[in-house]
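All remarks here apply to the structure that follows.
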Amino acid sequence: MAFIILQQPPSLMSAGSAVACWPRASHLAGADLLGRRSRPRRRATMSSQVHSRTSDAICTENVKLPREGTFFEMEMAARDCDLDKYGAISSAAYAVYMETARQEMLASLGICTGSIARAGRALAISELNVKYVAPLKPGAKFVVMVRIVQIKGVRMLMEHLIATLPDRELVLEAMGTVVCLNKDYRPTRMFPEMANLLNFFCHPN
């Protein structure tokens, strides 16, 4: 079981190429985003409040919520340090890209993972199934899209898509399972305040 990184890697934070925004229209094959009109981009608003109790880790003041069922999007750029020996982006780098987008999605809703950790709780990835469609080239611009498919009991099923920019050709699709852990690192039900907020990124079906 792999634990979610509670802070972005320094190299990603300093690169300045990642922008959190709300979903736009896409022509990704199989992503069921076909035919939708483009929406204006809106930057995510993150609360600056930090608390130590688990219930206080949900800071909703001044948070702008997206439409229900939409993807959270984050634009990034491939780096030379992410290459494997074949000159393509490594599978480990893709996992970091998806990790970073998940963390930014939580932050955009005012969910402070640092406060959750200080309270002795944790969010962990228990499963990640990835289907690679096409490789990313060094320096390529791309977008990572994340949304929640289902929240049930201790598990949260999340869908990930990565596509090139600006043409939005599909690079990979992945389904991940996130679980909530208590102070003894045993699965526990999704924190209720978090579940209510995350429903805004849930698939309508």
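In the numbering used here, the protein residues as written are 883 to 1087.
Ideal Cβ positions, reconstructed from N, Cα and C, are used throughout, including at glycine.
Every beta strand (DSSP E) stretch that sits fully inside the stretch 1020-1081 and reaches 3 residues is listed by chain position as 1023-1034, 1037-1046, 1052-1063. In the DSSP assignment, Ala1016 falls outside any beta strand (DSSP E) and carries neither an H nor an E. Excluding its 5 nearest sequence neighbours in each direction, His1042 has C-beta neighbours in its own chain below 6 Å: Met980, Val1028, Ala1056, listed in chain order. C-alpha of Phe1073 to C-alpha of Ser972: approximately 34 Å in a straight line. Between the alpha carbons of Ile1044 and Phe1024 lies a distance of about 7 Å. Taking a cut-off of 8 Å on C-beta distances, the stretch 996-1008 does not touch the stretch 953-966, as fewer than three cross pairs fall below it. Between Ala975 and Phe954, the CB-CB gap reaches or exceeds 8 Å.
Note: Cys1084 is bridge-paired with Ile1030 in the DSSP secondary-structure output.
In this structure, the alpha-carbon of Thr1070 lies about 22 Å from that of Asn1011. If you check the CB distance, Met1076 and Ile1007 do not come in under 8 Å.
For Ala959, the enclosing beta strand (DSSP E) covers residues 954-959. Listed in chain order, the non-local C-beta contacts of Leu1047 below 7 Å within the same chain comprise Glu957, Lys1023, Phe1024, Val1025, local neighbours out to five positions each way being set aside.
The C-alpha of Val1060 is placed about 11 Å away from the C-alpha of Gly1035. Counting other Cβ atoms within 10 Å of its Cβ, Arg1068 stays below 16 and is therefore classed as exposed.
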